[in-house]
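Just so we're aligned, residue 62 is where the sequence shown starts under the working numbering, counting upward by one. Below you'll find the structure, written out as C-alpha cells, and then a few comments.
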Amino acid sequence: MSGGSDDSSPASGRASFSSLSDLKDLELSSESGCLSIVVLGASGDLAKKKTFPALFHLFQQGFLQSGEVHIFGYARSNISDDGLRERIRGYLKGASDEHISQFLQLIKYVSGSYNSGEGFESLNNAILENETSKNNKPGSSRRLFYLALPPSVYPSVCKMIRSYCMNPSSHSGWTRVIVEKPFGKDLDSAEELSSQLGQLFNEQQLYRIDHYLGKELVQNLLVLRFANRLFLPLWNRDNIANVQIVFREDFGTEGRGGYFDQYGIIRDIIQNHLLQVFCLVAMEKPVSLKPEHIRDEKVKVLQSVTPIKHDEVVLGQYDGYKDDSTVPDDSNTPTFASLVLRVNNERWEGVPFILKAGKALNNRKAEIRVQFKDAPGDIFKCKKQGRNEFVIRLQPSEAMYMKLTVKKPGLEMATEQSELDLSYGLRYQDVKIPEAYERLILDTIRGDQQHFVRRDELKAAWEIFTPLLHDIDDGKLKALPYKPGTRGPPEADELSKRMGYVQTHGYVWIPPTLSKF
62 MSGGSDDSSP ASGRASFSSL SDLKDLELSS ESGCLSIVVL GASGDLAKKK
112 TFPALFHLFQ QGFLQSGEVH IFGYARSNIS DDGLRERIRG YLKGASDEHI
162 SQFLQLIKYV SGSYNSGEGF ESLNNAILEN ETSKNNKPGS SRRLFYLALP
212 PSVYPSVCKM IRSYCMNPSS HSGWTRVIVE KPFGKDLDSA EELSSQLGQL
262 FNEQQLYRID HYLGKELVQN LLVLRFANRL FLPLWNRDNI ANVQIVFRED
312 FGTEGRGGYF DQYGIIRDII QNHLLQVFCL VAMEKPVSLK PEHIRDEKVK
362 VLQSVTPIKH DEVVLGQYDG YKDDSTVPDD SNTPTFASLV LRVNNERWEG
412 VPFILKAGKA LNNRKAEIRV QFKDAPGDIF KCKKQGRNEF VIRLQPSEAM
462 YMKLTVKKPG LEMATEQSEL DLSYGLRYQD VKIPEAYERL ILDTIRGDQQ
512 HFVRRDELKA AWEIFTPLLH DIDDGKLKAL PYKPGTRGPP EADELSKRMG
562 YVQTHGYVWI PPTLSKF
C-alpha cells in the first residue's frame, strides 16, 4: 500500500485553511506540481453533465493549466480515450471548438472494475506516467479523486484508491477524495459509511460535497448576516415570525422513479440541501472564516434542533407517481414534504423554520423567505396587506429583495406592498456566476473545506431526521395525494398558516428586466 506524505494518516488533525473571497488568492493557489484529477464513474450522467463541464469552465478561466493538470476518466465501460472525449464534447458549451479540443486532450480513459486491483493498478500507472512527464516541481504531486458513483460502491472504491493510487510517500503533495450524496439512508447507515471511509482517509482528505453550498446566494448568506449592521439586531425571535426554506420543481421523477422511491423527497432534498441552507440562516457568528470555525457553528445549531413532531409534518405524493413501472403500487414514498424545525436556543426559541420541498408542483424555484412580525401600532391600517419579508431567491433568476409597505403613488394616503430589489441579472450584467460544481472542485484543489460537510455535522443531521424517516418507512405517516401542477397538498398551506405564516395576497414579485429601463 502506498502511503501519502503530509496527510496520509487517518488519525491526522483537522485542516485550518482560511476561507477566501478572491478566487485567485495566493495562499491557497500557490501550490505547484502535477495535478491529477480522476473522475470515477466517468461514463455516467453526473460526470458528463456536471463534473466534466465544471472542470472545463475552470480550464477556461485559467484555474487548471494544461502544463500542470491531467484528467483521468475511470469506469467499467470498454471505450477509448477518444470515445470518452466524444461523449463529453456535447456538454461543453460557451467556447470555440479549438478551446474545447484543447481541454479534451487533457483527458485520458482507463477501464476497470470498482472492486478489483487490476484496474486501479492501471490507473495508478497512468497517473505516474503523467506525473513523470509533466511534473514541473520534481517530487510533488496532487491527486484528486471525484466519486461520481452510487454510495454503495464507495467503500470498495476507496479501498482500491487507498491500496493502489495514493500520492507516493516519496512525493510531497496530497490525495483528496470527493464523495457525492446521499451519505447513507439513516443514522446507522451514514455512520457505517463514515466509519468505513474514516478507516481509509482522514477528514482533511474527505470532501463530502453538497452542491447547494456552492450556489452564489447560499455563499452570500454569511456576508449578508454578519457584514451588514442592518440585519444584526433583527435576526432573532424578537423580530422574525417564521422562516421558510423552499425547493419546488415543476416536473416529476421522469424515469427515475425506481431510484427516487428508495429515498423520497426528505432524503433527496430536505435532509441535505435545505438543511445546509438552514444551518447558514440559523447559526451563530463564527470566530473567524476558517472552515473549522464555520463548521463548528453549523454543528452547534443542528444539535440545538428539537425532535420533529408528527403534527408539524405534511407529506404528499403526486397523482401518477405510481404509474412508473419501477415504482411499487403500494409506495408511500413522499414526493412532497413540509415540516417544521425548532431551535432550542436564545436566538430562535419559538420561531418555526418551515422546510418545504416537492416535485410536480406549479413552478420551479428555491428560496429562503424570512417573514418579520407585524409592526406594532398599525396607524395606516395596512396590516392586512402583508408583512415585511426578506426573500433570497436561490434559483432561477438569482435575487434578494425586501418586501415593504410603501405609500401608493397618487394624491391619496394609500399603502401597498412593494420591494427593494437586488436582481443579479440586472445588477451584475457582465458577471458570469460560476456553477456550484466549479466552486467546490476549486475549493477541493485549494484545500478549503468550508463548503463541505464534516462527519459530526452529517451525524447531527441524520439524528434530526432518522426517527421521522423510520416512522414514514413503517407507514406511521401517510403521503397525501395532490394533483401535478398545484402547490402540493392543501394541508401544507394550512400547516404554514398554523405556524404563523401570513401569505400576501395581490402582490407578486416580478424579476426586473432591462427592457423596462
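For glycine and all other residues, C-beta sits at the position ideal for the given N, C-alpha and C. No experiment lies behind these values; they were computed from the predicted model shown.
*asked:* Counting C-beta neighbours from all protein chains within 10 Å, is the total for residue 191 16 or more, i.e. buried, or is it exposed?
replied: Flag for residue 191 reads buried.
*Can you check whether the CB of residue 181 is closer than 9 Å to the CB of residue 212?*
It is not a contact, given that the beta carbons lie outside the stated cut-off.
*What did DSSP end up calling residue 427 once you bin it into helix, strand or coil?*
Secondary structure of residue 427 (DSSP, three-state): strand.
*Going straight from the alpha carbon of residue 227 to that of residue 236, what length do you get?*
In a straight line, the C-alpha of residue 227 is about 6 Å away from that of residue 236.
*Jot down the residue ranges of each uninterrupted alpha helix (DSSP H) in the stretch 165-195, minimum 4 residues, whole runs only, in chain order.*
Complete alpha helix (DSSP H) runs here, min 4: 178-195.
*Three-state secondary structure (DSSP) of residue 220*: Three-state result, residue 220: helix.
*Exposure of residue 157, with buried meaning 16 or more beta-carbon neighbours within 10 Å*: Exposed: under 16 other Cβ atoms inside 10 Å.
*Among 150, 531, 493 and 538, which has the Cα closest to the Cα of residue 250?*
Minimum Cα distance to residue 250 is reached at 531.
*With DSSP run on the structure shown, which of helix, strand or coil describes residue 378?*
Strand at residue 378.
_Nearest to residue 478 (by Cα), restricted to the options 570, 453 and 508_ = Considering only alpha carbons, the answer is 570.
_Cut-off 7 Å between Cβ atoms - residues of its own chain near residue 125, not counting five sequence neighbours on either side_ = Hits under 7 Å: 116 and 119.
*From the DSSP output, in three-state form, read off residue 90 for me.*
At residue 90 the pLDDT is 43, less than 50, meaning the model places this residue with poor confidence; the figure from the coordinates comes in the next sentence. It is helical.
*Span separating the alpha-carbon of residue 84 from that of residue 490*: Note that residue 84 has pLDDT 38, beneath the 50 cutoff, so the model's placement of it is unreliable and no number is given.
*From the DSSP output, in three-state form, read off residue 333 for me.*
Taken through DSSP and simplified to helix, strand or coil, residue 333 comes out as helix.
*residue 307, enclosing beta strand (DSSP E) - first and last residue*: Note, residue 307: beta strand (DSSP E), 301-309.
*asked:* Measuring alpha carbon to alpha carbon, tell me which residue in 547, 387 and 104 is nearest residue 168.
replied: Ranking 547, 387 and 104 by Cα distance to residue 168 puts 104 first.
_Buried versus exposed, by CB contacts within 10 Å (16 or more), residue 558_ = Exposed, by the Cβ-count rule.
*Measure the CB-CB distance between residue 97 and residue 136 and report whether it falls below 9 Å.*
Their beta carbons are not under 9 Å apart, which means residue 97 does not touch residue 136 by this criterion.
_Rounding to the nearest angstrom, what Cα-Cα distance links residue 221 and residue 247 in this structure?_
About 26 Å.
*Candidates 350, 461, 336 and 254: which alpha carbon is nearest residue 488's?*
Nearest C-alpha to residue 488 among 350, 461, 336 and 254: 461.
_Taking DSSP's pairing of strands, which residues face residue 215 in a bridge?_
In DSSP, residue 215 forms no bridge with anything.
*Would you kindly work out how many angstroms separate the C-alpha atoms of residue 122 and residue 493, rounded to a whole number?*
Taking the straight line joining both Cα atoms gives about 11 Å.
*asked:* Let me check understanding here. Comparing Cα to Cα, which of 146, 398 and 372 lies closest to residue 326?
replied: From the listed residues 146, 398 and 372, the smallest Cα separation to residue 326 is found for 398.
_Rounded to whole angstroms, what is the Cα-Cα separation between residue 324 and residue 565?_
Rounded to the nearest angstrom, the two C-alpha atoms are 34 Å apart.
*Is it buried or exposed for residue 146, if we count other Cβ within 10 angstroms and need 16 for buried?*
Per the 10 Å Cβ criterion, buried.
_Through-space distance from residue 519 to residue 265, alpha-carbon basis_ = C-alpha of residue 265 to C-alpha of residue 519: approximately 15 Å in a straight line.
*asked:* Taking 8 Å as the limit between beta carbons, can you name the residues of its chain near residue 150, skipping five residues before and five after?
replied: Excluding sequence neighbours, residue 150 sits near 161 and 165.
*Do you know whose CA, among 513, 179 and 480, lies nearest residue 355's CA?*
Out of 513, 179 and 480, 513 has the C-alpha closest to the C-alpha of residue 355.
*C-alpha distance - residue 380 paired with residue 328, whole-angstrom precision*: About 20 Å.
_Straight-line Cα distance separating residue 274 from residue 65_ = With a pLDDT of only 44 at residue 65, under the threshold of 50, the placement of this residue in the model should not be trusted, and no figure is reported.
_C-alpha gap between residue 456 and residue 304, whole angstroms_ = Distance between the alpha carbons of residue 456 and residue 304: 18 Å.
*For residue 322, is the classification buried or exposed, using 16 other Cβ atoms within 10 angstroms of its Cβ as the cut-off for buried?*
For residue 322, the number of other beta carbons within 10 angstroms of its own is at least 16, and it is reported as buried.
*Kindly list the residues whose CB is nearer than 6 Å to the CB of residue 471, restricted to its own chain and excluding five residues on each side of it in sequence; keep chain order.*
For residue 471, where only same-chain residues beyond five positions count, there are no Cβ hits under 6 Å.
*Quick one: which unbroken beta strand (DSSP E) runs of 3-plus residues sit fully inside the stretch 466-552? Chain order, please.*
Secondary structure within the stretch 466-552: the beta strand (DSSP E) runs of 3 or more consecutive residues, fully enclosed, are 476-484 and 541-543 (chain order).
*Does DSSP put residue 152 in a helix, a strand or coil?*
Coil, per DSSP.
*Status (buried if at least 16 other CB within 10 Å, exposed otherwise) for residue 348*: Around the CB of residue 348, fewer than 16 other CB atoms lie within 10 Å, so the residue is classed as exposed.
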